[in-house]
Structures are given as structure tokens and as C-alpha cells.
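Counting along the sequence shown from 1, when you hit position 177 you're at 177 in UniProt numbering, and nothing is skipped either side. Even for Gly, the Cβ is constructed at its ideal location relative to N, Cα and C. The structure appears right after this line, and notes come after that.
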Amino acid sequence: MLLSVGTRTVLPHLQDQEGVLVRNGRVYVPVGAVRLEVIRAHHDEPMAGHFGRFKTVQLITRNYWWPKMRQDILRFCDSCAVCQQSKTPVGRPRGLLSSLPVPERPWQIISMDFISDLPRSGGYTCIWVAVDLFSKMAHFIPCSTIPAAPTLALLFTKHIFRLHGAPEVIISDRAPQFVSRFWRHFHECLGTKLNVSSAFHPQTDGQSERVNGLLEQYLRCFCLEQPSAWVKWLSVAEFAYNNAVHTSSQHTPFELTYGFHPRGGVAPSTNVVSSDPVYRSSEMAALHDVARRLLLEAKAAQKTQADRHRQAGEELEEGDLVWLSSKYIKHAGGKFAPRYLGPFPIAKKISSVAFRLRLPSSFKIHPVFHRSSGRRNTVAEEITTMSPPLEEEAFVRGDSVMVEPSGSDTGRRGRKTPRESDSLEERERKRLRDLFAEPTDEDSFEGFTDRMEEEMVSSEEDDMEWTRVREDLGVTGNDSMGGDWRVAGSDPWTGWRDGTGSTAGDAVGRSQRCFSSDEDDDDEAPGIRIAADSDEEL
């Protein structure tokens, strides 16, 4: 079971090479802050490059080993503040689709937006677009420029309120007109609720954005030769849009609003509209029921399709720290500006896909953001296995080893766990006291070695699993160390030696030190401490 090297006796999975413990040719890194320093040296330094998880694991496992090292490396990379702030996110955007509610009647919920910076045509350079979310009917109103809130209120009264009454809800972006005090007070008098989008997320008003694209497409087709004549085509464009069947409702906006198809220049003259008001009323109610059912089915299908290209992301709660995307925030760094700012605490969780941040006063932006604009901060304190309490010790006296497994303190009177702050003299006194203590059945050396045999089998299975992962990822090489390896002897416990003559052990090796050895990559196994001839310790 035990391997004797000179005057020392160590467990078989570790080899003593000139005062350095080695496992399969890789230097063993003892428990403590030295593990964190090794990871930092292979991740934070300029020659390391702040690379991701896979590259960092490959770089460290080339020359070093300790139990659970891959878990420690992954947690360190995830919690690196520089990486979280500087790297461009990859993968699907966070935040599943949260659809707007389906109205129960026409012009109950509407959305509005502007199409600006158009070629001047008859004194107009802007189009105000208002869309009904039930019937999909839209009105296109030309404007000389983007109107202020009082002018917009007059246009609303003339083109929307006069024809359809006051809606219950208006959805819009965060344009100055829609968030002004005058606009809010105007709709308070009408009993209308204003729902504005979150910052930098135009997808909230996706209905208006889609209609804007269709209108621009129509005008582009008919104004190719005369772009400045677009205002002449605007009324006809509105008729054409409202007379077309919508994919979601399977009906035209005209039909859902008025109950019949208007007569166009290409349709024959027919009289299919009933003059009975009772029949007309029941027919309209049935038509609205069918349209609403189709809209609900369409929204469910749209959500399923959209969620295929999104991810829910981490659950965010009030008080969590969040990195804010700088995609729409100007920064002096240009292309080298940080990809994320912060982290900032969440002041309020509005919904599963929206939250309010507590931003500094220098940020002149709306503090409510969509889930896709933020990512939860991973703090370094989550790395808890870098410096665990010292629970196992073994001492070498000539050719024999005295082992103290974890959990044996219950059978020792007055025993205390050694602390790093203890002086060398105090720790030596504790060792001498524990060496002559009467061991219990649980502390038997035979039981400890039996457990070590079982855990070494798990260690071999872990190495085999890692080899399969490397093959799946297409990584070539006989071992994660990347060297030319060959068997040093017939004894399976004599390990492997580096055929390239690597001196990786010099990085952490000293001629006189104590190591805390652990067995399994998945579980911190009971270990030993190997003491050199000198009384000094690391």
C-alpha cells in the first residue's frame, strides 16, 4: 500500500521527487492560498491572457494537480471581475419572451411610434404611427417634425379619440413626448394608462416597429423615382395596410373594426352586408371571439419560437449585483470600452424579465432595464475550496507514518484544529501531544488506508472521464499535461515521469516543506503531511 522513498513513506498516488510531491508527473499544490495564486498566475497575468474556462484548465493541468482543481478553476474564471466587464457575451440572449396581453375589443390597447428623418415632402419629414393591438388597424399621420407633447395631444384628439374613443392602455417607447409631464396628465384626464418600454429595449413595442417596417417598405416601392413625394402615397398606404389580412388574426383590420370589407378599386360591386342590426351585432361578436382565439394561438406559437433562441438566465432578486450592458451607452474608450458597467444593485424586481437598478447620479438614463441588458455578478467569495480548514495531517518519523483522519478529534481529549496563525512552537507542541494520544477505533490506520484505496479508484474513474471529455472536444494529446509520457517502472504505483524533462515542480517546490495531500478530484480525501528532516514548515 505505501511507497517508501528514502527515509520517507508516502501514499502511492504521490511521489517524492527532490522534496516535491508529484502525481502522474504533475506537481501537487498544497491546500491553502497557494492554489489561488497558481490560478491567478495562469489566468490574470499578461502571458496568461484572461482566457476562458477551457484554456485556463488546460494551461494549469499541464503541470499542476490538486483535488477538485477543475471546479476551483471554473469558479475562479466565472468570478473574474475583469472578464465579466470586458468580454463580449456569447450564446443566446437572456430573458424569455413575455408577451403583451391580448385585448378583448378593438382599440382597447394601442401602440404608437414615430418614423423620422424622412425626405422633406410637402413640408413633412416625420410620420406618427398608431396601431390597434386587437384588429391591427393603423393610422399614419404626417408631421412637419417630431411633435412636442401639446401638439401630439391635439393630433391624438383629432385622429384617434375622434374615431375610436380613449384607449385603456397606450404602449410606447421612451421618447421625450411620451414620458413628459404634460402627456401623462393629459391621459390621466382620459383615464388611459401609459406603458413605456424599458431602457434600450425597443422590442417592448414590437407591434409598432413591425408596422413601421411595412410602411417604409410600401413607400420605398412606390417612391423609388420620387422619394420626396412620399406624403402623396401615405393615405393609400394606410388603406392598403388596413385592407390586408393579418397573419395572426386571419382577418383584415377593416373587417374586425367595421364588420365588412371596404370596396376597393379592384373589387366587384356586391352588397353582402346585412341590414339587420341584431344579426350584425351577433356576427361582430362571433367574429371578435374567433379573432381573439387566433391571436392567443399566434402569441403562444410566437413565444415558443422566440424562446428557442433565448435563455432564461440566472434568477435575479432584489439586492443582487448586476453588470449593465454598455452597448447603448457612449464611452470614451470606443472599441476598447468595457462591455459591461457596474456592478449595480437591483433596487426593485419588476417582473421576471425587467428590473430597476440603483444607478449613480451621473447616469442620465432610465433605471429600468430588460433582462437581456444585464448579467448577474459572480463574486470571488463563492470560491470556498481554495483554503479549506486543515482537517487531515500525517507525520513522518523515520520509516513510519502516523495518520490523523478527519473527524478523529472526538476521541482526543483537548485536541484543537491547528490554525495558520499558530506559531511554529505551538504547532510542534500539538503534534507531540497528538502523536502519543491513544487512537480510537475510528482513527485506526488500517481503516484509513482502506478508505484511501476506495477513493483512489474514484480518482482513476475521474481521470478516465476527463479523457473522454477531451476526446469529445477534439483535444489531441496523450494527457492533459501535453508532454511525452512513458512508464517509469513496472510497479503501477511508481507513476509516470515527464519525458520532456519538465521542471514544473520548481514553481512550487522547496526542499523543506509540508504538504497536505488529497486523493480524489471529486472529493477532498483524507490526506497526509510529509515533513522534511528540518523542523521548518511552509
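Integer-rounded CB distance, given that residue j should sit under 8 angstroms from residue i
i	j	result
P142	L234	6 angstroms
N243	F254	6 angstroms
R376	D320	6 angstroms
L357	V322	6 angstroms
Y241	L214	7 angstroms
P167	I73	Not confirmed; about 56 angstroms, so no contact.
L316	K349	6 angstroms
V102	K303	At roughly 12 angstroms, the Cβ-Cβ gap does not stay under 8 angstroms, so V102 and K303 are not in contact.
V38	V29	6 angstroms
R181	L194	In fact, because the Cβ distance is near 12 angstroms, the residues do not count as touching under 8 angstroms.
Boundaries of the alpha helix (DSSP H) in which residue i is found, first to last residue
i	result
C150	Residue identity differs from the one stated: residue 150 is Pro in this sequence, not Cys. Run containing P150: A149 to F156, per the alpha helix (DSSP H) assignment.
Y258	P253 to Y258
G206	G206 to F222
V34	A33 to A41
R184	R181 to L190
Q84	A81 to S86
Of the residues the options, the one placed nearest residue i, counting alpha carbons only
i	options	result
P93	V231, A149 and E314	E314
I115	L100, H139 and P106	H139
S86	L341, Q15, K55 and C223	L341
V169	L133, T378, Q217 and D307	L133
P338	K327, F344, K348 and I110	K327
E216	G206, W230 and W183	W230
G206	P30, A285, K330 and M112	M112
W107	G123, L163 and I329	L163
V27	Q17, L36 and A33	Q17
T361	D289, S373, F344 and P30	The sequence given here has Ser at residue 361, not Thr. It is F344 whose Cα lies nearest to the Cα of S361.
R120	E225, F51, S144 and S208	S144
G264	E283, V290 and A237	A237
M137	R40, E318, L190 and V211	V211
F76	V90, R62 and T56	T56
N63	V22, F51, G334 and F156	V22
R40	G32, H50 and V31	H50
V34	M69, L194, L59 and L14	M69
P202	T378, C126, V29 and S373	S373
L256	S135, P67 and P89	S135
W66	N24, E225, T125 and I346	N24
V129	R184, F156, V245 and P89	F156
G122	K232, K158, Q305 and H13	K232
T192	T204, S208, E209 and I171	I171
D173	L359, T204 and F161	T204
K335	H13, H309 and T88	T88
I365	S325, V379 and A332	S325
H187	S208, F161 and E209	F161
M284	G19, R105, C126 and Q226	R105
Beta-bridge partners of residue i, as assigned by DSSP
i	result
C126	C143
A244	Beta-bridge pairing links A244 to no other residue.
W65	Y28
V20	Q17
G374	L324
D132	I110
Q311	R94
A175	Beta-bridge pairing links A175 to no other residue.
F369	A199 and F355
A138	V131
S249	Partner(s): none; S249 has no beta bridge.
S121	Y124
Span of the beta strand (DSSP E) around residue i
i	result
G342	Y340 to S351
W323	L321 to S325
I365	Looking at the DSSP string, I365 is not in any beta strand (DSSP E), and its letter there is neither H nor E.
V169	V169 to S172
D113	I109 to I115
K193	K193 to V196
F355	A354 to L357
Any chain B beta carbon closer than 7 angstroms to residue i
i	result
Y328	Absent from the structure is chain B; it holds one protein chain and no more.
Indicate whether the contact test is met: 3 or more Cβ pairs, each with one atom in the region 145-161 and one in the region 170-185, closer than 8 angstroms. Short answer: they touch.
The region 33-47 in contact with the region 73-92 per 3-pair CB rule at 8 angstroms: Touching, yes.
Inspect the CB distances between the region 189-202 and the region 358-376 and report whether three or more fall short of 8 angstroms. yes
Determine, using beta-carbon pairs with one atom in the region 349-362 and one in the region 95-113, whether at least three such pairs fall under 8 angstroms. With three or more CB-CB distances shorter than 8 angstroms, the region 349-362 counts as touching the region 95-113.
Sufficient close CB pairs (3 or more, under 8 angstroms) joining the region 238-255 to the region 293-305: yes
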